[in-house]
Structure formats: structure tokens, C-alpha cells
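The structure appears below as C-alpha cells.
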């Protein structure tokens with residue numbers, strides 16, 4: 015059995031539509047789905063530093079980029095000293111990947127349009143149901159989490175045995191049935207690897223579109239065994255929040271503590287970071 019405790023950890027001005035995060039000692043990295051910046055927030059000094067990662071001259075603004083043009087950075091994951099920021103692939107404008115080196119601050123851009131096209135083809139997921147919202151990179155293997163909030167409800171995990179996402183040849187897709195609220199199935203919104211356990215978050219949103227927002231019915235946390243890709247548990251953690259990012263904060267024998275970020279689907283440049291304690 016598991017129990018959860020949710021509380022506000024920080025309120026940060028200057029960040030809107032938070033969709034992914036990663037904690038590195040005192041530095042919390044946060045990405046927004048409609049922004050051209052990577053946000054670096056010091057949890058001790060409560061100071062915010064913005065790192066520009068988009069340099070598209072066609073964009074008139076780098077905050078609150080209009081929906082048809084936004085890169086839809088839904089994914090922020092980490093391996094070694096690099097952060098990986100990925101677009102959802104839900105429209106042709108959302109196929110960009112950014113690699114950011116935490117030590118050298120070097121930025122590498124990659125176009126994943128070819129990769130995303132291959133993922134859709136091999137899994138038989140059409141354009142209207144392809145919507146990546148989470149990723150885990152082990153150094154040799156990628157796990158990409160498709161959010162099943164389209165008409166076909168295609169929740170699932172792409173498993174790719176290759177480090178370079180731009181040049182893949184084979185992929186496996188694993189379908190998942192997630193818990194529902196009022197007959198609305200929840201869908202993956204992010205995931206993080208802790209040892210050999212994948213912790214995921216999922217939201218039940220009353221919509222059949224990967225583009226249009228709907229009524230938020232609640233969110234879950236759960237886990238999946240890394241080796242078998244079988245779900246081990248799920249717990250409801252909220253009845254009204256749309257959590258879109260999860261990061262490990264700490265773990266001991268009795269509990270695991272995460273930080274969560276919420277996309278409130280507004281243009282306000284303010285985000286709330288939550289602390290979730292999962293007790294065993």
C-alpha cells in the first residue's frame with residue numbers, strides 16, 4: 015500500500031505553462047511548452063535565471079509563443095551532464111530536440127521529424143494521436159511516453175535501443191491501460207526513472223484532442239517496472255491539478271519525494287511547484 019502527501023514547494027514568477035523539470039542539487043531546471051527559454055531556479059536563494067534555447071528569427075516573442083507556433087516542449091529529461099528537451103510531435107512545428115550541457119552550457123539542436131514519423135508508422139499511431147509528454151534516457155535506451163488524450167486513447171511507451179534519437183531504425187511500442195475518473199481514462203504526462211522503477215504521472219482530461227484543452231478531472235502517480243514494463247501501482251494525488259512534470263527530490267527506505275509542476279493552460283507567467291511525498 016502507498017499513501018501520498020501533496021504540498022506547495024515554491025511559487026515562481028516569470029515562468030508560464032510549466033511542463034517539465036529536473037533537480038540538480040540546489041538548481042531546479044524548468045521548461046515551459048510555450049517558451050524559448052530553459053529556466054534555472056535556485057531553490058535556496060529563490061532566484062531565477064533564463065537560458066535562451068530558441069533563436070528562431072520568425073518568432074516575435076520567446077515567452078507565451080502563440081499556440082500554432084510554439085515548440086511544445088513537453089519533455090525535460092537528463093542523463094549524465096546533459097539535459098534533453100523534446101517537442102511533443104503533436105504538430106509539424108513540434109519536432110525539435112534541444113541538448114543542453116550542464117557544464118559547458120553548449121546547446122545542440124536536432125530535428126526529430128524523421129524519427130517521429132518512424133515512431134508513428136511502426137506503432138500505427140496517426141498524426142491526431144501522437145503526443146509525446148515524457149522521456150527517460152539511460153545512456154543506451156530511450157523510453158518515450160505517448161499521451162493517449164486523442165480519439166484512440168493511445169497511452170503507451172516507445173522503447174528505442176539507440177542513443178542517437180535522430181538516427182533510429184527499430185522501435186517497440188507497449189500499450190498501457192491507465193486508471194480513469196468518471197469514465198475518462200487518464201493519460202501519461204511525464205515520467206522519471208528511480209533505480210529500476212519508472213514513476214509516472216497521468217492526468218484525466220475530458221478531451222479527445224492532443225491540441226485542444228479540456229476539463230481537468232484529476233491526476234495520478236504510479237510506477238512501472240523498468241525490466242518488464244508492467245505497472246506495479248497507481249494512486250490518485252489530486253482532483254483538479256494537471257501535473258505535467260515530475261522530478262526526483264530524495265528517496266529513503268520509507269518514502270520517495272518528488273517535485274511536480276503544473277500547466278494551468280493560461281498566459282500568466284507564474285508557476286507553482288509542488289512537493290509530493292510517496293510513503294510505503
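Residue numbers (our numbering): 15 to 294. In this text, a Cβ means the ideal position worked out from N, Cα and C, and glycines have one as well.
Quiz item: Going by the beta-carbon positions, is the gap between residue 215 and residue 172 smaller than 8 Å?
Solution: Taking 8 Å as the Cβ cut-off, residue 215 and residue 172 do not qualify as a contacting pair.
Quiz item: How should residue 183 be labelled, buried or exposed, when 16 other C-beta atoms within 10 angstroms of its C-beta is the threshold for buried?
Solution: Residue 183 should be labelled exposed.
Self-check item: Element boundaries [alpha helix (DSSP H), containing residue 130]
Solution: Run containing residue 130: 127 to 137, per the alpha helix (DSSP H) assignment.
Self-check item: Cβ-Cβ separation, residue 185 to residue 136 (assumed contact under 8 Å), whole Å
Solution: Taking 8 Å as the upper bound for CB-CB distance, residue 136 and residue 185 are in contact here, some 5 Å apart.
Practice problem: Give the DSSP-derived three-state secondary structure of residue 68 in the structure shown. | Solution: Correct three-state label for residue 68: coil.
Quiz prompt | Through-space distance from residue 59 to residue 271, alpha-carbon basis | solution = Taking the straight line from one Cα to the other gives about 21 Å.
Quiz item: In chain order, what residues of the same chain lie with their CB nearer than 8 Å to the CB of residue 25, ignoring the 5 residues before and after it?
Solution: Once the five neighbours on either side are set aside, the close Cβ partners of residue 25 are 284, 285, 286, 287.
Self-check item: Same chain, Cβ closer than 6 Å to residue 211, neighbours up to 5 away in sequence not counted
Solution: In the same chain as residue 211, and ignoring 5 residues on each side of it, the C-beta atoms closer than 6 Å to its own belong to 237, in chain order.
Practice problem: Along the beta strand (DSSP E) that carries residue 152, what are the first and last residues, could you check? | Solution: If you look at residue 152, you'll find it isn't in any beta strand (DSSP E); DSSP assigns it neither H nor E.
Exercise. Whole angstroms is fine: what's the gap from residue 38's alpha carbon to residue 99's?
Key: Their Cα atoms are separated by approximately 16 Å.
Quiz item: Is the CB-CB distance between residue 145 and residue 165 below 8 Å?
Solution: Not a contact, by the Cβ cut-off of 8 Å.
Exercise. Could you tell me whether the Cβ atoms of residue 29 and residue 44 are closer together than 8 Å?
Key: One thing to note: residue 29 has its Cβ within 8 Å of the Cβ of residue 44.
Practice problem: Sort 179, 64, 205 by Cα distance to residue 243 and report the nearest one. | Solution: Closest option to residue 243, Cα to Cα, is 205.
Quiz item: Starting from residue 264 and walking both ways along the beta strand (DSSP E), at which residues does that stretch end?
Solution: Segment 257 to 265, the beta strand (DSSP E) holding residue 264.
Quiz prompt | Through-space distance from residue 294 to residue 76, alpha-carbon basis | solution = The straight-line gap from Cα to Cα measures roughly 42 Å.
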